[in-house]
Amino acid sequence: MTTLILIAKECLPGKVKTRLHPPLTLEQAATLAAASLADTLAAVAGLPATRRILAFEGNHLPLGSESYEVIHQVSGELDVRLGAIFDQCSGPTVLIGMDTPQLEQRMLQPVFEDWPDDVDAWLGFANDGGYWTLALADPRGDLIRGVPMSRDDTGALQLARLSDAGLRVRLLPELVDVDTIADAHAVAEIAPNGSFASTLAGFGSAGTGSAAGTR
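Set out below in structure tokens:
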């Protein structure tokens, strides 16, 4: 009995993946974000979730989310929005984002099996210092609210929050969170058969710009 939460936003030009512009246009960046979301939905489609929630910001739902219960994000910073959605769940609950299109079902499989007796939470770090997934046996928003987000130490701070609360945490594989064009190419190399990689390749020379110095 595990709830899967996917937090996502509508892929509109100028609203998503703006750090990919340049070299991509804002329209191309939004198209690439939509491909990332599509790959993520496909990757988790076979997981045995008993409840699927799309924590959504926007109006037009993405294809592939038809089986999801849509809960619109509350206003506020990301920690507040994440905390609010966890507060609406019970039992083992796992959160993922839309920015790691190299995600494979097997990476989340341990969360959907019987948890070891010495595990209260799972955390997957992202390469930028954040995290791409968080799973809690007992979902509580207060374990997230107040953790600074979008920083190079967000993952470490979230882990410390969980540990300070007495939770026993096990780590999942680190993934690349697509922020820059360099990240995009790294993910395309890791997962060359996905929609993300083919979309990026379709941009031709626009998708080959260097992101040196953007981190």
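For the sequence shown, position 177 matches number 179 in my numbering, and the numbering has no gaps at all.
For every residue, glycine included, the Cβ atom is placed at its ideal position computed from N, Cα and C.
Predicted, not measured: the structure shown is a model, and the values here were computed from it.
Check	Outcome
Write down the C-beta distance between S197 and D41 rounded to the nearest angstrom, noting that I regard them as a contact closer than 8 Å.	5 Å
Measure the beta-carbon distance from Q107 to L202 and round it to whole angstroms, keeping in mind my assumption that it falls under 8 Å.	About 22 Å; that fails the 8 Å criterion.
Quick check on A2: buried or exposed, where buried means 16 or more other Cβ atoms within 10 Å of its Cβ?	The first residue shown for the chain is 3 and the last is 217, placing residue 2 beyond what the model contains.
Going by DSSP, what residue range makes up the beta strand (DSSP E) through E29?	That residue, E29, is in no beta strand (DSSP E); its alpha helix (DSSP H) goes L28 to V46.
For a test of the three-state rule: what should DSSP assign to A190, helix, strand or coil?	helix
Alpha carbon to alpha carbon, what distance is there between A139 and G79?	A quick correction: the sequence has Glu, not Gly, at residue 79. If I take the Cα positions, the gap works out to 24 Å.
Would you call the segment 117 to 124 and the segment 59 to 76 touching, i.e. three or more CB-CB distances under 8 Å?	no
Can you tell me where the alpha helix (DSSP H) holding V82 begins and where it ends?	L80 to F88
Where do the N-terminal and C-terminal ends of the alpha helix (DSSP H) with F198 fall, by residue?	S197 to G204
Helix or strand or just coil, what does DSSP make of G126?	strand
Alpha helix (DSSP H) containing T5: first to last residue?	No alpha helix (DSSP H) contains T5, which is instead part of the beta strand (DSSP E) from T5 to K11.
Using the rule of at least 16 other Cβ atoms within 10 Å of the residue's Cβ for burial, across every protein chain shown, is S38 buried or exposed?	buried
What first and last residue would you give for the beta strand (DSSP E) that runs through A139?	Run containing A139: none; DSSP gives neither H nor E here.
With M3 and G93 assumed to form a contact (beta carbons below 8 Å), what rounded beta-carbon distance in angstroms separates them?	5 Å
Measure the alpha-carbon distance for D154 versus V18 and round it to whole angstroms.	20 Å
Going by the CB atoms, is the gap between L43 and A32 shorter than 8 Å?	no
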